[in-house]
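S.K.: According to our numbering, the sequence shown is numbered sequentially starting from 22.
We treat Cβ as the ideally placed atom computed from N, Cα and C, and that holds for glycine.
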Amino acid sequence: MKKQLYLFIIAAALTLSACGNDNSYGNKIMEDTSHSSSSDVPENLKVAEDPTFKIGSKAIIQADHMEGMRGAIATIVGAFDTTAYNVSYRPATGGFPVTNHKWIIHEEIKKAADKPYESGSEVIMEADHMKGMKGATAQINAAEQTAVYMIDYMPTTGEDKVKNHKWVTEDELSAIK
Numbered sequence: 022m023k024k025q026l027y028l029f030i031i032a033a034a035l036t037l038s039a040c041g042n043d044n045s046y047g048n049k050i051m052e053d054t055s056h057s058s059s060s061d062v063p064e065n066l067k068v069a070e071d072p073t074f075k076i077g078s079k080a081i082i083q084a085d086h087m088e089g090m091r092g093a094i095a096t097i098v099g100a101f102d103t104t105a106y107n108v109s110y111r112p113a114t115g116g117f118p119v120t121n122h123k124w125i126i127h128e129e130i131k132k133a134a135d136k137p138y139e140s141g142s143e144v145i146m147e148a149d150h151m152k153g154m155k156g157a158t159a160q161i162n163a164a165e166q167t168a169v170y171m172i173d174y175m176p177t178t179g180e181d182k183v184k185n186h187k188w189v190t191e192d193e194l195s196a197i198k
């Protein structure tokens, strides 16, 4: 009886640990949390004329797209006016689906239409923020016309500095008081 209980506990622990490595974007634990650090932006991306957060200024990150973001101090390195999309996709390189990824922008969609896409639309991404994004088919979950920011920040987890994180929206930043 003790041996059976012991085996049950081991099996349960292994099952739970396997579930913890879900690569869906809604979970904090991901197989590949690397992020592109390129400062390249699409050629047709419109620079924001009067952004709330000016280039070079600092703000507090309210988003938690990646572990260590929320509460970190961001330095604004780019500000642009566009449509930002929350998307779900299966990486072009294979692996688990990514759900509710925030954000890709309109200019990062292959052969983008002249007007913003609606929820439920399928698009092919040109975005290359995370491994497997570029060339993947994504479903639009939500669209938001907003200013988006490229930021540098030091994660609150003590990890290395993140440079040129793409993207956070205006409502995901707050002023430092």
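Using a threshold of 8 Å, state whether the C-beta atoms of N185 and M171 are closer than that.
M.R.: Within the sequence shown, the letter at position 164 stands for residue 185. Within the sequence shown, the letter at position 150 stands for residue 171. The answer is yes: Cβ separation under 8 Å.
S.K.: Would you call the CB atoms of I76 and I94 closer than 8 Å?
M.R.: On the sequence shown, position 55 is the one that residue 76 refers to. On the sequence shown, position 73 is the one that residue 94 refers to. Going by C-beta atoms, I76 is not nearer than 8 Å to I94.
S.K.: Go ahead and pull the three-state DSSP assignment for E165.
M.R.: Along the sequence shown, read from residue 1 onward, the residue named residue 165 stands at position 144. E165: strand per DSSP, three-state reduction.
S.K.: Helix or strand or just coil, what does DSSP make of H122?
M.R.: Here residue 122 is taken as the residue at index 101 of the sequence shown, counted from 1. H122 falls in the strand class under three-state DSSP.
S.K.: My assumption, with CB atoms under 8 Å, is that I161 sits in contact with V108. Please give the rounded CB distance.
M.R.: Here the question's residue 161 lines up with position 140 in the sequence shown. Here the question's residue 108 lines up with position 87 in the sequence shown. That belief holds up - the Cβ atoms of I161 and V108 are roughly 6 Å apart, short of 8 Å.
S.K.: How is H127 classed by DSSP in three states: helix, strand or coil?
M.R.: As a first step, residue 127 is located in the sequence shown; it is residue number 106 there, counting from the start. In this structure, H127 counts as helix in the three-state DSSP scheme.
S.K.: Quick check on the burial criterion: 16 or more other C-beta atoms within 10 angstroms. Buried or exposed for I82?
M.R.: Numbered from 1 along the sequence shown, position 61 holds the residue referred to as residue 82. By the neighbour-count rule (16 or more Cβ atoms within 10 Å), I82 is buried.
S.K.: What does DSSP give as the partner residues of F101 in its beta bridges?
M.R.: Here residue 101 corresponds to residue number 80 of the sequence shown, with the count starting at 1. Answer by DSSP bridge pairing, in chain order: V68, V169.
S.K.: Looking at D102 and A157, is the spacing between their C-beta atoms short of 8 Å?
M.R.: In the sequence shown, counting from the first residue as 1, residue 157 sits at position 136. In the sequence shown, counting from the first residue as 1, residue 102 sits at position 81. The answer is no: Cβ separation not under 8 Å.
S.K.: In three-state DSSP terms, what is E143?
M.R.: Mapped onto the sequence shown, residue 143 falls at position 122. Strand.
S.K.: Distance check for V183 and E88, CA to CA, integer angstroms please.
M.R.: Counted from its first residue, the sequence shown places residue 88 at position 67. Counted from its first residue, the sequence shown places residue 183 at position 162. Using only the alpha carbons, I get a separation of about 11 Å.
S.K.: Just to confirm my understanding: we take G153, look at its own chain, exclude 5 residues before and 5 after, and list those with CB closer than 7 Å. What are they?
M.R.: One-based indexing of the sequence shown puts residue 153 at position 132. Result list for G153: P112, A113, T114, G116, in chain order.
S.K.: Taking only the alpha-carbon atoms, compute the straight-line gap between A134 and V144 and give it to the nearest angstrom.
M.R.: In the sequence shown, counting from the first residue as 1, residue 134 sits at position 113. In the sequence shown, counting from the first residue as 1, residue 144 sits at position 123. C-alpha separation (whole angstroms): 10 Å.
S.K.: If we call anything under 8 Å between Cβ atoms a contact, is A100 one with F74?
M.R.: The count along the sequence shown starts at 1 and reaches residue 100 at position 79. The count along the sequence shown starts at 1 and reaches residue 74 at position 53. Cβ distance < 8 Å, so A100 and F74 count as in contact.
S.K.: Among K131, E165, A159, D71, which residue has its Cα nearest to the Cα of W188?
M.R.: Position 167 of the sequence shown, counted from the start, is the residue given in the question as residue 188. When each option's Cα is compared against that of W188, the closest is E165.
S.K.: If you draw a straight line from the C-alpha of M51 to the C-alpha of Y110, how long is it?
M.R.: Residue numbering aside, residue 51 sits at position 30 when the sequence shown is read from its first letter. Residue numbering aside, residue 110 sits at position 89 when the sequence shown is read from its first letter. With a pLDDT of 38 at M51, under the threshold of 50, the predicted position of this residue should be treated as unreliable, though the coordinate-derived value follows. Their backbone Cα atoms lie some 15 Å apart in a straight line.
S.K.: So, are the CB atoms of I130 and M146 less than 8 Å apart?
M.R.: By 1-based counting over the sequence shown, the position of residue 130 is 109. By 1-based counting over the sequence shown, the position of residue 146 is 125. Result yes, Cβ atoms of I130 and M146 sit closer than 8 Å.
S.K.: Alpha carbon to alpha carbon, how far is D85 from R91?
M.R.: For the purposes of this step, residue 85 is identified with residue 64 of the sequence shown, where counting begins at 1. For the purposes of this step, residue 91 is identified with residue 70 of the sequence shown, where counting begins at 1. Whole-angstrom Cα-Cα distance: 5 Å.
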